[in-house]
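Counting from 44, one number per residue, gives the positions in the sequence shown under the working numbering. Don't be surprised by glycine CBs; every beta carbon is placed ideally from N, CA and C. Being a predicted model, the structure only gives us computed values, none of them experimental. Structure record follows, encoded as structure tokens.
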Amino acid sequence: MNGAWGKILTVDLTQETTGVLELEEAIYKRYLGGQALGAYLMFKDGTVGSDVPASDPRNALNFLVGPVTGAAPGGRSCITTKSPYSFNCATTAGGLTGSEMKFCGWDGVHVVGKASDPVYIAVMDDNIEIRDASHLWGMDHEHTENELNKVVHAKYNYRAESMLTTGEMPPLLAAKHPADPNKGIGNKRTSRSWVIGRAGENMMWNSAIMTEGARAHGRAGSGYVMGSKNLKGITFAGTKGHPLADKQAFMDVSRAIRTKMIAQFSWRNYGTATGWSNSMNTSCYPIRNWQEGSWEDPETLATISGPFMRASAWVKKQACRGCAQKCLTTAKVNSKNPMMDGTITDMPDWEAMGVLGSNLGFMTPDSQPLTWNEASEPYPGDVWDMHESNNKLLRSTFIHDDLGIDYIDNGENLSLLMELMQRNYITAADLDGINLVWGNIDAVNEMVYKMATRDGIGDKLANGAYETAKYFAALKGKPEIMNYVMTTHRYGQPAHTVRGGCKSALSYITTVKPNCHTEGSAEGQALIDQQDAAYNSNSMVICMFVRGTYGVDAITALTQAATGWKDWTNDETMAVGSRVASLCRIINMYTQMGDPEFTPQVWDGQAAWKWFNVPFTTGPWPKGTSLRYEDALVVDKDKLYNEKLPAYWTLRGFTPNTGVPTAAQLSKLGISDVCGNEAAEMISKYGE
Ligand code: SF4
């Protein structure tokens, strides 16, 4: 087989054993890798049902790549498992660890069981060791990663022969650095690792698995599952390269892609922070727990912008393997506040800028705090105020990355608490004395460490934004507190709102990665096409940010060149995405069937109250400059659930009222044998 190695490393931490799961080529043709293969493995394991919660040792944690990861521009990694929020978790991240796993000769690692004491797994090609990690427990992410990368490499980190001949190299590169058959690739590399920080150790629900300082498998609680297994890290040092069927064709396509990447000038400058100006124009800036989506005076939000961050704090660009877009930047805090000063972190991407920046009120100058009604007044601060606002954003990004926390859900958690303080539902006395008001970085810093270590009130608030709202609604006897939590499917909303110009409500309701912002934004068939393209990228395990640069033709050409599947077409590429849509929709619902309050309609109805009830009042969008979706400003709930959603399910080939893939659809996709029984059981219980 080419492209993939045809085998997955299996590790049972309870039994302290390892093994090999060999998969036929036909399985790779159906699922490729990543998100699709992870969903298939959950059905194969028989762990889809509600009798296997996320913390159950039988719940597998899968580290996966795809057929081109490691060789194609922009290689990433995908981790799949069952989420503590009781739905499917499939989370991708950049960095080099996925590629290194591939270079060890594995398409993935499938971890089950629970170690009696903390361990880490060292993978050195075929040599696998489960090692004691008690000295690492209590350490945060970057320190842990450095420790692992130091101890796993030397003996195995050398490949005797060169990967390329001079003739196979781009002419300019070959002229500069001709291939030397005596100098093997990899002889200078260190190992690469996935690790958890203290948030994962303490099973904070929204904890992440981290790599390379800032690359987060952030969404849906994969860190919680890793912590539940007493697994501190997994590290790889590989020497096997990548099996490609047609190396020359692969390199030709890759070169064309890189040429297009180099033309992405704005992206190469600012990464996802490039979107700040468009976000302001379309009311997509989350401001103070989404009470507003933009601001009258652009200068107020310019404090949280790519250009200002570049001038204020950025130091050095970084990239995933082979990527010319280089979206990550190292940043350094220079601050008057000693708690923040000297913090080294990575460029907050757009999500952090939104949910950890303006959503926590960090654009407000300390010297002249605004009240909400003054939002339309000119920015009252000076450039030092702007610099300190950025510093607060950088510091809050650092603590989330280092502790290993999904800053989207936890940003919504913090902004919820701040709005409850603003509305006098709670006081600092409810928060162990922490004055968690808009813009207070010292309070944010203290509270996040309490959450990650489950210290005091932190224990109650460590289960994400939705559970925090439930806790205070019950404690205070005020059910209306639930109106202020910005979650869909009980999980925190990213920095893209449906009340402005960047997302449709339908996209958040229907994506199989609940409340994911990267999987479509439109409606109807266009939304399905966007989602299937994204699910395909997650299964190829290529970067979602550069998939626009690739285009489907290039993705198909890369797959052909890597695997040698001459009959692989664009339709095959997109069909993998459609399989993910069906498999993961079934997982998301079937795994909740043990909950007596669950029905498909209840699940789909779990959206933020503000969507339907609170229009924005400031900024350009309410003036109706360019309405993109008819439900911008405030979503028409009746139309969403009674017209758009049934129409969407019908287009998908699912039952119109319950959104379950029909037998005909599963048969068309060739996956009836995998999930047909579960789908039939749901239709029989909940109807069509
Ligand atoms: S755009 Fe960013 S995340 Fe994507 S491959 Fe390039 S460096 Fe990695």
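Locate the beta strand (DSSP E) running through Trp237, then write down its first and last residues.
As a first step, residue 237 must be located in the sequence shown, where it is residue number 194. In the DSSP annotation of this structure, the continuous segment of the beta strand (DSSP E) that includes Trp237 starts and ends at Arg235 to Val238.
So if DSSP puts Ile122 in a beta bridge, which residue, or which two residues, is it bridged to?
As a working mapping, residue 122 is identified with position 79 in the sequence shown. Residue pairing by DSSP places Ile122 opposite Phe106 and Thr134 in a beta bridge.
From Pro116 to Glu335, what distance separates their C-alpha atoms?
One-based indexing of the sequence shown puts residue 116 at position 73. One-based indexing of the sequence shown puts residue 335 at position 292. A straight-line Cα-Cα distance of about 38 angstroms links Pro116 and Glu335.
Beta-carbon separation of Leu403 and Pro391 under 9 angstroms?
For the purposes of this step, residue 403 is taken as residue 360 along the sequence shown, with counting starting at 1. For the purposes of this step, residue 391 is taken as residue 348 along the sequence shown, with counting starting at 1. Contact check for Leu403 against Pro391 fails: the beta carbons are separated by 9 angstroms or more.
Hey, would you say Phe86 sits closer than 9 angstroms to Gly281, going by beta carbons?
Working through the sequence shown from its first residue, we reach residue 86 at position 43. Working through the sequence shown from its first residue, we reach residue 281 at position 238. In terms of Cβ geometry, Phe86 and Gly281 do not form a close pair [threshold 9 angstroms].
8 angstroms CB neighbourhood of Ser458 in its chain, flanking five on each side removed:
For the purposes of this step, residue 458 is identified with residue 415 of the sequence shown, where counting begins at 1. Only Pro329, Arg331, Asn332, Trp333, Val398, Asn402, Leu403 and Met529 meet the Cβ criterion.
Please classify Trp427: is it buried, with 16 or more other beta-carbons within 10 angstroms of its beta-carbon, or exposed?
Stepping through the sequence shown from its first residue, residue 427 is reached at position 384. When all chains shown are included, Trp427 counts as exposed.
If we count Cβ pairs, one from each stretch, closer than 8 angstroms, do we get three or more for the stretch 695 to 705 versus the stretch 610 to 628?
Yes, the stretch 695 to 705 is in contact with the stretch 610 to 628.
Within the present structure, is the beta-carbon of Trp248 separated from the nearest heavy atom of the ligand SF4 by less than 8 angstroms?
Here residue 248 refers to the residue found at position 205 of the sequence shown. No; taking the cut-off as 8 angstroms, the Cβ of Trp248 has no heavy atom of the ligand SF4 nearer than that.
In whole angstroms, what is the alpha-carbon distance linking Ala79 and Ser547?
Position 36 of the sequence shown, counted from the start, is the residue given in the question as residue 79. Position 504 of the sequence shown, counted from the start, is the residue given in the question as residue 547. Annotation: Ala79 to Ser547 spans about 25 angstroms, alpha carbon to alpha carbon.
Residues near Gln58 by beta carbon distance below 6 angstroms, same chain, minus five either side
If you number the sequence shown from 1, residue 58 lands on position 15. Listed in chain order, the non-local C-beta contacts of Gln58 below 6 angstroms within the same chain number zero, local neighbours out to five positions each way being set aside.
Does Lys198 pass the burial test, meaning 16 or more other C-beta atoms within 10 Å, or should it be called exposed?
Numbered from its first residue, the sequence shown carries residue 198 at position 155. The predicted position of Lys198 is uncertain, since its pLDDT is 48 and thus under 50; no value can be drawn from it.
With respect to the beta strand (DSSP E) encompassing Trp357, which residues constitute its N-terminal and C-terminal limits?
Mapped onto the sequence shown, residue 357 falls at position 314. Run containing Trp357: Trp357 to Gln361, per the beta strand (DSSP E) assignment.
Please say whether Ala176 and Val162 have beta carbons closer to each other than 9 angstroms?
By 1-based counting over the sequence shown, the position of residue 162 is 119. By 1-based counting over the sequence shown, the position of residue 176 is 133. Against a cut-off of 9 angstroms, the Cβ pair of Ala176 and Val162 comes out as a contact.
Based on the DSSP secondary-structure assignment, which residues constitute the bridge partners of Leu64?
The residue labelled residue 64 in the question sits at position 21 within the sequence shown. Leu64 pairs with Ile51.
So, for Asp289: in the same chain, excluding its five sequence neighbours on each side, which residues have a beta-carbon less than 6 angstroms away from its beta-carbon?
Position 246 of the sequence shown, counting from 1, holds the residue named residue 289. Excluding sequence neighbours, Asp289 sits near Ala604.
To the nearest angstrom, report how far apart Thr90 and Arg466 are at their CA atoms.
In the sequence shown, residue 90 corresponds to position 47, counting from 1. In the sequence shown, residue 466 corresponds to position 423, counting from 1. Here the alpha carbons of Arg466 and Thr90 stand approximately 43 angstroms from one another.
I want to check one thing, is the minimum distance from the CB of Cys545 to the heavy atoms of the ligand SF4 below 8 angstroms?
By one-based count along the sequence shown, residue 545 stands at place 502. With a cut-off of 8 angstroms, the C-beta of Cys545 is classified as distant from the ligand SF4, since no heavy atom of the ligand falls inside that distance.
Is any heavy atom of the ligand SF4 found at a distance shorter than 8 angstroms from the C-beta of Trp310?
Counted from its first residue, the sequence shown places residue 310 at position 267. For the ligand SF4, at least one heavy atom lies less than 8 angstroms from the Cβ of Trp310.
Cβ distance (whole Å) where Leu446 is taken to contact Ala242 below 8 angstroms:
As a first step, residue 446 must be located in the sequence shown, where it is residue number 403. As a first step, residue 242 must be located in the sequence shown, where it is residue number 199. Taking the Cβ atoms as the reference, Leu446 lies roughly 5 angstroms from Ala242, within the contact range of under 8 angstroms.
List in chain order: all unbroken alpha helix (DSSP H) runs of 4+ residues lying wholly within the stretch 271 to 311.
List check, alpha helix (DSSP H) in window: 290 to 305.
May I have the straight-line CA-CA distance separating Arg301 from Lys369, to the nearest angstrom?
The sequence position of residue 301 within the sequence shown is 258, counting from 1. The sequence position of residue 369 within the sequence shown is 326, counting from 1. The C-alpha of Lys369 is placed about 11 angstroms away from the C-alpha of Arg301.
Is it right to say Gly713 is buried, meaning 16 or more other beta carbons lie within 10 angstroms of its own, or is it exposed?
For this step, residue 713 is matched to residue 670 along the sequence shown. In the assembly as shown, Gly713 is an exposed residue. Its beta-carbon has fewer than 16 other beta-carbons within 10 Å.
Quick one: is Glu523 buried, meaning 16 or more other Cβ sit within 10 Å of its Cβ, or exposed?
Start at 1 with the first residue of the sequence shown, and residue 523 comes out as number 480. Here Glu523 is exposed, its C-beta having fewer than 16 other C-beta atoms within 10 Å.
Identify whether His532 lies in helix, strand or coil by the three-state DSSP scheme.
In the sequence shown, residue 532 corresponds to position 489, counting from 1. Taken through DSSP and simplified to helix, strand or coil, His532 comes out as coil.
Determine the extent of the alpha helix (DSSP H) in which Tyr691 is found, giving its start and end residues.
Indexing the sequence shown from 1 puts residue 691 at position 648. In the DSSP assignment, Tyr691 falls within the unbroken alpha helix (DSSP H) covering Leu688 to Arg695.
Taking all protein chains shown into account, decide if Val63 is buried (16 or more other Cβ within 10 angstroms of its Cβ) or exposed.
For the purposes of this step, residue 63 is identified with residue 20 of the sequence shown, where counting begins at 1. It counts as exposed.
Helix, strand or coil for Ile164, going by three-state DSSP, please let me know.
Locating residue 164 in the sequence shown gives position 121, counting from the first residue. In this structure, Ile164 counts as strand in the three-state DSSP scheme.
At a cut-off of 8 angstroms, would you count Lys369 as near the ligand SF4, judging by its Cβ distance to the nearest heavy atom?
As a working mapping, residue 369 is identified with position 326 in the sequence shown. A distance criterion of 8 angstroms places the beta-carbon of Lys369 in contact range of the ligand SF4, judged by its closest non-hydrogen atom.
Using DSSP with H/G/I as helix, E/B as strand and the rest coil, what is Lys375?
Sequence index remark: in the sequence shown, residue 375 carries index 332 (1-based). Correct three-state label for Lys375: strand.
If I measure Cβ to Cβ from Ser126 and keep anything under 7 angstroms in the same chain, skipping five residues before and after, which residues do I get?
Residue numbering aside, residue 126 sits at position 83 when the sequence shown is read from its first letter. Excluding positions up to five away in sequence, the list reads Ala97, Cys132, Ala263 and Gly264.
DSSP bridge partner residues for Gly156 (one or two, in chain order):
Here residue 156 refers to the residue found at position 113 of the sequence shown. Gly156 is not bridged to any residue.
What is the residue span of the alpha helix (DSSP H) that Met461 lies within?
Counting from 1 along the sequence shown, the entry for residue 461 is found at position 418. Unbroken alpha helix (DSSP H) run through Met461: Tyr450 to Gln465.
Met429 versus Ser410: straight-line alpha-carbon distance, rounded
Sequence index remark: in the sequence shown, residue 429 carries index 386 (1-based). Sequence index remark: in the sequence shown, residue 410 carries index 367 (1-based). Spanning the two alpha carbons is a distance of roughly 11 angstroms.
Residue of Tyr74, Leu191 and Asp94 minimising C-alpha distance to Gly637:
On the sequence shown, residue 637 is found 594 positions in, with the first residue counted as 1. Per the Cα distances, Asp94.
Just to confirm before moving on: does the CB-CB distance between Asn506 and Thr531 stay below 9 angstroms?
The residue labelled residue 506 in the question sits at position 463 within the sequence shown. The residue labelled residue 531 in the question sits at position 488 within the sequence shown. Thr531 is positioned such that its CB atom lies no closer than 9 angstroms to that of Asn506.
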